[in-house]
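Below is one structure; the comments refer to it alone.
Chains as they are written, first to last, in our numbering: chain A, 17 to 226; chain B, 1203 to 1449.
The following block contains the structure:
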């Protein structure tokens, strides 16, 4: 299960797996595609080959049995191996995609799910975002409670209390910002879902009436 | 014990143009008990004010029920319902008052018909003292700093000793410390006076420090479940220092 795997390492693995399910590819091109789909800030260069190594160990991907020589990618005059997902790799990816995100929700993980999700199952994705939103409200509630206890803090000096207040306020602000980001994401996905569902009527409305 | 405010499956939409309907509240449910505070986090234009107006019995929802102290608000007579607001339900907004009078007079005005001149002024004074804004009594709204305005608005809200206080974006423009003071004050009001509080917060400013937190977007209210009770009363923190300093 996802929870046994390291956070960001895991996301890189799932992303590479998702991209290989879409289309078998070399590590070199995978790096490029990660950049295109998720923005280059997310992962360093070479992240794809490290992810592929781990996926190979877990037998979630394998070198593709490419018959056509033209499909063997050549980079800098050298032939590169093309990888593809194994059936258990496809299963694993599907499970990951539909699973709730971790608590606290990792932005990169949710980001990856959104980037790799087909538009067919938006309701499940919206549900995942909703769960993450609720998880964040719980975290904020906790940090609120801590802040109150700290402000009570009997023996602490004024300086200590001020420092505690600043730190706790920072944490609360962080959760607050995350909640609002998730709200935006959910609203966007809901709008997208509504748009998909109303494509036909929308056309009718836009048809010139006179 | 019955919740002070109970929303059940409340939905509200507004038509926009002829073909579109804006969903402001979608199947919102919430129980708010005496002495409990809930912070609602939402972006601008997400229907925070509509939520408060529905909770206050000003706006009638399309569907669902609004129950105040065990009574369905929309089964009450218009007269009784409109009396709830301003007596048992307080709505705190930071809008400038309509009359440019000294703060104390402004807070006392709505109390005049029920408590008489002397009583109204006494209550207004006590409300201002309670929130730590006694020094603002003679000033006018235009002379007040943001943090003082927030306190005066709160004094307006509690002067009539409501059971339910609805607070709209009070701490929006405050800094960490002023905000912490307001948060502490709200918590103390909830705990000491047993007021149920629904506090909405917008884009700007820090999160209100309430017992429970709810995320509000697209008409949906996602309320985190109540914190586990581990023996410590989270509301039991000193809200005294401000008042002590002024008395």
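Backbone N, C-alpha and C fix where the C-beta goes; we use that ideal spot for every residue, glycine too.
Among the options, nearest to residue i - alpha-carbon criterion
i	options	result
residue 1378 of chain B	B:1411, B:1221, B:1357 and B:1249	B:1411
residue 113 of chain A	A:126, A:159, A:209 and A:199	A:126
residue 1375 of chain B	B:1424, B:1349 and B:1386	B:1349
residue 180 of chain A	A:196, A:190 and A:163	A:163
residue 197 of chain A	B:1370, B:1358, B:1419 and B:1249	B:1419
residue 40 of chain A	A:80, A:49 and A:31	A:80
residue 1259 of chain B	B:1273, B:1248, B:1279 and B:1283	B:1283
residue 10 of chain A	B:1383, B:1249 and B:1360	Nothing can be reported for residue 10 of chain A: it is not among the residues displayed for chain A, which extend from 17 to 226.
residue 1301 of chain B	B:1401, B:1342 and B:1216	B:1342
residue 1373 of chain B	B:1393, B:1297, B:1340 and B:1221	B:1297
residue 1203 of chain B	B:1404, B:1234 and B:1216	B:1234
residue 1303 of chain B	B:1246, B:1286, B:1344 and B:1394	B:1344
residue 152 of chain A	A:194, A:207 and A:208	A:194
residue 156 of chain A	B:1427, B:1361 and B:1337	B:1427
residue 187 of chain A	A:205, A:52 and A:161	A:161
residue 1369 of chain B	B:1381, B:1400, B:1392 and B:1277	B:1400
residue 27 of chain A	A:94, A:130, A:142 and A:140	A:130
residue 1271 of chain B	B:1257, B:1318 and B:1280	B:1257
residue 1288 of chain B	B:1339, B:1316, B:1340 and B:1338	B:1316
Own chain partners of residue i with C-beta closer than 6 Å, once the 5 adjacent residues on each side are dropped
i	result
residue 1236 of chain B	1206, 1396 and 1398
residue 1364 of chain B	1290, 1291 and 1292
residue 1219 of chain B	none
residue 210 of chain A	none
residue 1359 of chain B	1292, 1294 and 1367
residue 1322 of chain B	1310, 1313 and 1314
Own chain partners of residue i with C-beta closer than 8 Å, once the 5 adjacent residues on each side are dropped
i	result
residue 1211 of chain B	1229, 1230, 1231, 1265, 1266 and 1267
residue 1329 of chain B	1309, 1357, 1358, 1360 and 1361
residue 1216 of chain B	1223, 1224 and 1226
residue 141 of chain A	129, 130, 133 and 205
residue 1255 of chain B	1261
residue 1355 of chain B	1294, 1295, 1296 and 1372
C-beta contact flag for residue i and residue j at 8 Å
i	j	result
residue 1489 of chain B	residue 1294 of chain B	Residue 1489 of chain B lies beyond the range of chain B shown here (1203 to 1449); nothing can be said about it.
residue 1326 of chain B	residue 1346 of chain B	no
residue 165 of chain A	residue 202 of chain A	no
residue 1334 of chain B	residue 1353 of chain B	yes
residue 1309 of chain B	residue 1357 of chain B	yes
residue 34 of chain A	residue 132 of chain A	yes
residue 72 of chain A	residue 128 of chain A	no
residue 1269 of chain B	residue 1208 of chain B	yes
residue 100 of chain A	residue 36 of chain A	yes
residue 159 of chain A	residue 184 of chain A	yes
residue 147 of chain A	residue 116 of chain A	yes
residue 1402 of chain B	residue 1253 of chain B	yes
residue 102 of chain A	residue 66 of chain A	no
Contacts around residue i, its chain only, beta-carbon distance under 7 Å, and the 5 residues preceding and following it disregarded
i	result
residue 104 of chain A	75 and 76
residue 1422 of chain B	1228
residue 225 of chain A	Residue confidence is low: residue 225 of chain A scores 40 on pLDDT, short of 50, so the model does not pin down where it sits. Its coordinate-derived value is still stated next. Contacts found: none.
residue 64 of chain A	32, 43, 46, 47 and 50
residue 1248 of chain B	1418 and 1419
residue 191 of chain A	152, 155, 156 and 159
residue 200 of chain A	none
residue 38 of chain A	none
residue 1299 of chain B	1308 and 1343
Neighbour-count burial assignment, residue i, 16 or more Cβ in a 10 Å radius
i	result
residue 149 of chain A	buried
residue 47 of chain A	buried
residue 174 of chain A	exposed
residue 1263 of chain B	buried
residue 134 of chain A	exposed
residue 182 of chain A	exposed
residue 1371 of chain B	buried
residue 1386 of chain B	buried
residue 107 of chain A	exposed
residue 176 of chain A	exposed
residue 60 of chain A	exposed
residue 30 of chain A	buried
residue 1336 of chain B	buried
residue 1319 of chain B	exposed
residue 1277 of chain B	exposed
residue 1221 of chain B	exposed
Interface flag, residue i vs chain E, CB-CB below 8 Å
i	result
residue 1417 of chain B	No chain E appears in this structure, whose protein chains are A and B.
Subject >> Given 8 Å, three or more beta-carbon pairs between the region 1413-1425 of chain B and the region 1236-1248 of chain B >> reply: yes
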